[in-house]
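First the structure, in the form of structure tokens, and then the observations on it.
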Amino acid sequence: MKKLYVSAFRLKRNAIIFIAVITGAVKQSHAQSILIQENFTTYQGTAATVPAGWIFTTNGDYTSAANSGPSGPNSYKFGTNGATITTPFFSNPDSVSFWLKGVSTDTVSSLDALYTTDNINWNPISTIKPIPTSGTIKKYAVPSAAIALQFTYTKSAGNVAFDDFLLTGINAAPSSSSGKILIYFNQPVDNSVSTGENAIYLNQTADDTLIAYINRAKNTIDIAQYDYNQSSGYSNIATALNNAYAKGIKIRYIYDGAASNTGLAALNAGIPKLASPTGANYNIMHNKFVILDGRWKSSNALNSWVNTSSFDWNANQFNNDYNNMVCIQDSALAHVYTAEFNMMWGDTGMTSNSTNSKFGPYKTDLGKHNFTIGGHLVELYFSPSDGTNNHILSSISSANTDLYFGVYTLTLANDADSLVAKKNSGVYVAGIVDQYTASSSPTTYNILTTGLGSMLKEYTGSYIYHSKYLIADPSNTCSDPLVLTGSHNWTNSADTKNDENTLIIHDDTIANIYYQAFHKDFYTLGGTLAIPAPCVIGVSEVRSSEFGVEVYPNPSSGMFTLEVGGQTTDARQVEIYNVYGERVYSASVIGRQSSVIRLDAPSGIYFLQMSTEQGTVNKKIIINK
Numbered sequence: 208m209k210k211l212y213v214s215a216f217r218l219k220r221n222a223i224i225f226i227a228v229i230t231g232a233v234k235q236s237h238a239q240s241i242l243i244q245e246n247f248t249t250y251q252g253t254a255a256t257v258p259a260g261w262i263f264t265t266n267g268d269y270t271s272a273a274n275s276g277p278s279g280p281n282s283y284k285f286g287t288n289g290a291t292i293t294t295p296f297f298s299n300p301d302s303v304s305f306w307l308k309g310v311s312t313d314t315v316s317s318l319d320a321l322y323t324t325d326n327i328n329w330n331p332i333s334t335i336k337p338i339p340t341s342g343t344i345k346k347y348a349v350p351s352a353a354i355a356l357q358f359t360y361t362k363s364a365g366n367v368a369f370d371d372f373l374l375t376g377i378n379a380a381p382s383s384s385s386g387k388i389l390i391y392f393n394q395p396v397d398n399s400v401s402t403g404e405n406a407i408y409l410n411q412t413a414d415d416t417l418i419a420y421i422n423r424a425k426n427t428i429d430i431a432q433y434d435y436n437q438s439s440g441y442s443n444i445a446t447a448l449n450n451a452y453a454k455g456i457k458i459r460y461i462y463d464g465a466a467s468n469t470g471l472a473a474l475n476a477g478i479p480k481l482a483s484p485t486g487a488n489y490n491i492m493h494n495k496f497v498i499l500d501g502r503w504k505s506s507n508a509l510n511s512w513v514n515t516s517s518f519d520w521n522a523n524q525f526n527n528d529y530n531n532m533v534c535i536q537d538s539a540l541a542h543v544y545t546a547e548f549n550m551m552w553g554d555t556g557m558t559s560n561s562t563n564s565k566f567g568p569y570k571t572d573l574g575k576h577n578f579t580i581g582g583h584l585v586e587l588y589f590s591p592s593d594g595t596n597n598h599i600l601s602s603i604s605s606a607n608t609d610l611y612f613g614v615y616t617l618t619l620a621n622d623a624d625s626l627v628a629k630k631n632s633g634v635y636v637a638g639i640v641d642q643y644t645a646s647s648s649p650t651t652y653n654i655l656t657t658g659l660g661s662m663l664k665e666y667t668g669s670y671i672y673h674s675k676y677l678i679a680d681p682s683n684t685c686s687d688p689l690v691l692t693g694s695h696n697w698t699n700s701a702d703t704k705n706d707e708n709t710l711i712i713h714d715d716t717i718a719n720i721y722y723q724a725f726h727k728d729f730y731t732l733g734g735t736l737a738i739p740a741p742c743v744i745g746v747s748e749v750r751s752s753e754f755g756v757e758v759y760p761n762p763s764s765g766m767f768t769l770e771v772g773g774q775t776t777d778a779r780q781v782e783i784y785n786v787y788g789e790r791v792y793s794a795s796v797i798g799r800q801s802s803v804i805r806l807d808a809p810s811g812i813y814f815l816q817m818s819t820e821q822g823t824v825n826k827k828i829i830i831n832k
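All residue numbers for the sequence shown refer to my numbering, where the first residue is 208 and numbers rise by one.
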């Protein structure tokens, strides 16, 4: 019966795939764009003030105009031998320029400029020796395959002031492809609440869908999968991987070292595998992602796919437990997933390197988080390096109208408090947790049951509610509808020890697709939902509030008021991007003050980004002229 059903599924599979496609136009442009601009004006020589995404091995700054570049104080101070600074992650670079000045340096001291294409191996751009002792701007070409730059000081005498860093690229959006974003569920959905794009229910065929993606690979497959136990209850993944290996596709596989993973025994012995470490300082490698052709060197952004989900690989997870799957076609996203894989693997090649390998709390933030895929802002975070729970809290805080969540394990009290606070502020909140939440954290569960009452449902069935997702404002297109999903449970271990991945997709259609699944699940558990009234485009004032940041009126004709709360009066950088990922506005604002943003841009959707004391704010703003 299984084979007959799979055949019927495959006959109609192409039609199903096309139904789920969320597309957007690709902007064709060869203009030079700014990738990273950092003047170190808010850096104060401390770890707490390191610019977002940068990595400094030592901290120090110059505050005088004499030892700072044309932008004015401050500058970074290379003060010790071996001091290194590393930029955030980027893509499609062209050239880099920066200001530097040797302060009492000699002819032996030098500054090395390096680039990497894999976040492991570093290659020279230039060695600056001797270091000029008057302020000088240096400019170098950067290979287009580079993803980060690094500067290392070799000290004999004196220090080096470093300032006014500018990295540019050609058509250099963080990611601006017309790639597809496809969503699947392995439990029934309710298409009656669809706003036009129906959610897809894979009836006993989630395994076949995963295998169909594996079969698309042309060059490489990288897998980070928590647990794999093959049985006759679902299609054989090992067979699909072995067939790909026989065709010459290069496959690498990372798995959790403490999980059973009996299915690995069926893999061809030639496929290299790596178990995650075990021990008191580490918990589990809990990722569930497959990268297809992420190492394929191609200028076509549509050649690579990432398949990430909440599925462990076993019969119950595919057929009975509640799970969801996201498949994204975009080479820039795949490239960052590959860099994360390489960090755990310890190398870019086919042989893992235990000396360089980093898991869990030993990993570092890759610094590349925002992508524009099919016209949608997509954020990517890995745990524990990227402070994922802060982004969960940010996503909860972003909801202005309605908020829904379905989570296997929710044990963090601050997440529960934030959900209840949203409900108490007037936002319509409903959620589902698995019974494991109640047994593993009675205190947090009590916060939820007391605060949400009948709008919280506990799954107590024979299987498990294994998804981990949040939907913000699916009924309010005037706000910032988004979905947060991935492998990350809302627990302290997931945030501080586990290897996890989380996506935040800003799109009203995808938010509604997840709502169709939530709606069905909530009613199945005996609940009822009232859909909030939709927003009306063109209202005179809608305040979008998050972490004390308000932007209004929204929509507007291009003039917005920005109010920033918090305790600090320091300047903060505000940047606005269009849907292609191109920065169209950048300015410094003073905390605890109102500022006016005048955005001379066409009608459309834009994304405002700024850092606050509590996290990064990403807000959608709408120009309606």
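Even for Gly, the Cβ is constructed at its ideal location relative to N, Cα and C.
It should be emphasised that the depicted structure is a prediction, and the values quoted were computed from it without experimental measurement.
At a cut-off of 3 residues, the continuous stretches assigned as beta strand (DSSP E) that sit fully inside the segment 515-571 are 531-536.
Looking at the DSSP output, serine 802 sits in a beta bridge with Leu769. Taking 8 Å as the cut-off, the Cβ atoms of phenylalanine 566 and serine 467 do not count as close. Contact between serine 590 and aspartate 706 holds: CB atoms are separated by about 7 Å, below the 8 Å threshold. With a contact defined as Cβ atoms closer than 8 Å, aspartate 301 and valine 349 qualify at about 6 Å.
Contact annotation: tyrosine 452 and tyrosine 435 have beta-carbon atoms that are not nearer than 8 Å. Note that the C-beta distance between tryptophan 329 and isoleucine 292 is not below 8 Å. For the pair asparagine 527 and tyrosine 670, the CB atoms are nearer than the 8 Å cut-off.
Beyond the five residues adjoining it in sequence on each side, threonine 359 comes within less than 8 Å, by CB distance, of Gly289, Ala290, Thr291, Leu318, Asp319, Leu321 in the same chain, given in chain order.
Taking threonine 314 as the centre and dropping the five residues before and after it, the same chain places the C-beta of Pro337 closer than 7 Å to its C-beta, in chain order. Beta-bridge partners of valine 585 (DSSP): Phe578, Ile712. If you draw a 10 Å sphere on the C-beta of aspartate 728, you find 16 or more other C-beta atoms in it, and that means buried.
By the 16-neighbour rule on beta-carbons within 10 angstroms, lysine 704 is buried. Scanning its chain for C-beta atoms nearer than 8 Å, with the 5 sequence neighbours on each side dropped, one finds around leucine 659 the residues Leu626, Val627, Lys630, Val636, Ala637, Gly638, in chain order. In the three-state DSSP reduction, glycine 638 falls in the strand class (E or B). Per DSSP, reduced to three states, the secondary structure at asparagine 410 is coil, with no helix or strand assignment. Membership of glycine 658 in the alpha helix (DSSP H) is indicated by the continuous run 649-659. The DSSP-derived three-state label of isoleucine 456 is coil. Within the model, the alpha-carbon separation for arginine 805 versus isoleucine 783 is close to 11 Å.
Judged by beta-carbon spacing, isoleucine 390 lies beyond the 8 Å limit of valine 497, meaning their Cβ atoms are not closer than that value. Residue pairing by DSSP places asparagine 785 opposite Tyr813 in a beta bridge. Using a C-beta cut-off of 8 Å, the segment 261-279 makes no contact with the segment 399-408, since fewer than three inter-stretch Cβ pairs fall below that distance.
Of the candidates Thr343, Asn494, Ser282, Asp519, the residue whose Cα lies closest to the Cα of glutamate 547 is Asn494.
Around the CB of lysine 675, 16 or more other CB atoms lie within 10 Å, so the residue is classed as buried.
For proline 258, the closest alpha carbon among the candidates Ser240, Ser646, Asn281 is that of Asn281. Around the beta carbon of methionine 551, 16 or more other beta carbons sit within 10 angstroms, so the residue counts as buried. Note that the C-beta distance between aspartate 680 and aspartate 609 is below 8 Å. Under DSSP, the beta-bridge partners assigned to isoleucine 829 are Ile812.
Rounded to whole angstroms, the separation of the alpha carbons of isoleucine 444 and phenylalanine 392 is 19 Å. In the three-state reduction of the DSSP assignment, glutamine 723 falls in the helix class. Under the three-state reduction of DSSP output, threonine 427 falls in the strand class. Asparagine 683 sits in coil when the DSSP states are folded into three classes, being neither helix nor strand.
Using a C-beta cut-off of 8 Å, the segment 513-533 makes no contact with the segment 647-661, since fewer than three inter-stretch Cβ pairs fall below that distance.
Within the segment 455-495, the complete beta strand (DSSP E) segments at least 3 residues long are 457-462, 480-482, listed from N- to C-terminus.
A distance below 8 Å separates the beta carbons of tryptophan 306 and glycine 342. Cβ-Cβ separation between leucine 499 and alanine 447: approximately 12 Å, too far for a contact (criterion under 8 Å).
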